[in-house]
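Data block below; observations after.
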Amino acid sequence: MCGVVVGCGAAEPEGPFPPRPAEIDVSKTDLCSLLTPAQRAQLSVDEGEPGNVVLPEGPSRTCTWPDNDAVISYAVQTISEPASTAVGASDSSLDIIGGFGAVRVTADAESTPLCEFYLDAGDADTLRVQVQAVGYGDDGKPLAMTRVCKQARSLAGFVVENARAGHG
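For what it's worth, full-length UniProt numbering labels the leading residue of the sequence shown as 1, then goes sequentially.
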């Protein structure tokens, strides 16, 4: 029996996210292998193209998959800071993808809709999934943000599933 209530229950998670189901070591993850051939076919993309960029947070690795119809661009990127830093960004909301906390951020709904998920990969690491409409729908108008975010959620789910399974 506990004499003091403090410390007797389960630890409260720190920050806005639930406890991670696992840590994802983004430093060793091959980002372009985070989509299986079947998943690439489902998204209608070919092999990913790796890259490197410099962000204010430091160096970042990327992988991009333009879709075969040149309408949607898919990308995943490493960021060397906690995903929680994206909390409170304009047009953001909290989410959970494959058991990992995430921040969904949207932008440019009227022109080139962008939907991003900042995935809580580790204490100081984020995997950012980005899906952006780079072309127009059959009606000549920008794609709906709901469609772009649905694709971003699918990509984010594939990324965490495959990173946990060791595909990266």
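All residues carry an ideal CB built from backbone N, CA and C; glycine is no exception.
Quick one: measure Cβ to Cβ for residue i and residue j, integer angstroms, because I've assumed they're closer than 8 angstroms.
i      : j      : result
Cys115 : Val103 : Between Val103 and Cys115 the Cβ distance is about 12 angstroms, and since that is not below 8 angstroms, they are no contact.
Ser80  : Asp125 : 7 angstroms
Thr64  : Gly51  : 7 angstroms
Ala156 : Leu119 : 6 angstroms
Leu34  : Ala163 : 6 angstroms
Val89  : Val105 : Note on residue identity: the sequence assigns Ala, not Val, to residue 89. Contact holds; Cβ gap of about 5 angstroms.
Would residue i pass as a contact of residue j if the rule is Cβ separation under 7 angstroms?
i      : j      : result
Val45  : Asp30  : no
Gly140 : Phe17  : no
Val76  : Val129 : yes
Ser60  : Thr85  : no
Measure from the alpha carbon of residue i to the alpha carbon of each residue in the options, then state which is nearest.
i      : options                      : result
Gln39  : Val87, Gly98, Phe158, Arg164 : Phe158
Thr62  : Pro82, Lys150, Cys32         : Cys32
Ala109 : Gly98, Phe117, Thr85, Asp91  : Asp91
Arg147 : Leu43, Val87, Ala83, Pro19   : Leu43
Ala144 : Gly15, Asp69, Ala107         : Ala107
What is the rounded straight-line gap between the Cα of residue i and the Cα of residue j?
i           : j      : result
Gly135      : Ile96  : 28 angstroms
Val71       : Ile24  : 30 angstroms
Ala11       : Pro142 : Because Ala11 carries a pLDDT of 40, less than 50, the predicted location of this residue cannot be relied on, and the following value inherits that uncertainty. Cα to Cα, Ala11 sits roughly 46 angstroms from Pro142.
Ser73       : Ala133 : 6 angstroms
residue 199 : Thr112 : With the chain represented from 1 up to 168, any question about residue 199 goes unanswered, as that position is not in the structure.
Val26       : Asp138 : 37 angstroms
Glu57       : Leu127 : 13 angstroms
Phe117      : Asp69  : 23 angstroms
Gly15       : Gly98  : 18 angstroms
Ala41       : Ser154 : 13 angstroms
Arg20       : Val87  : 17 angstroms
Label residue i either buried or exposed according to how many other C-beta atoms from any shown protein chain fall within 10 Å of its C-beta, with 16 as the threshold for buried.
i      : result
Val54  : exposed
Ala22  : exposed
Gly48  : buried
Leu94  : exposed
Ala165 : exposed
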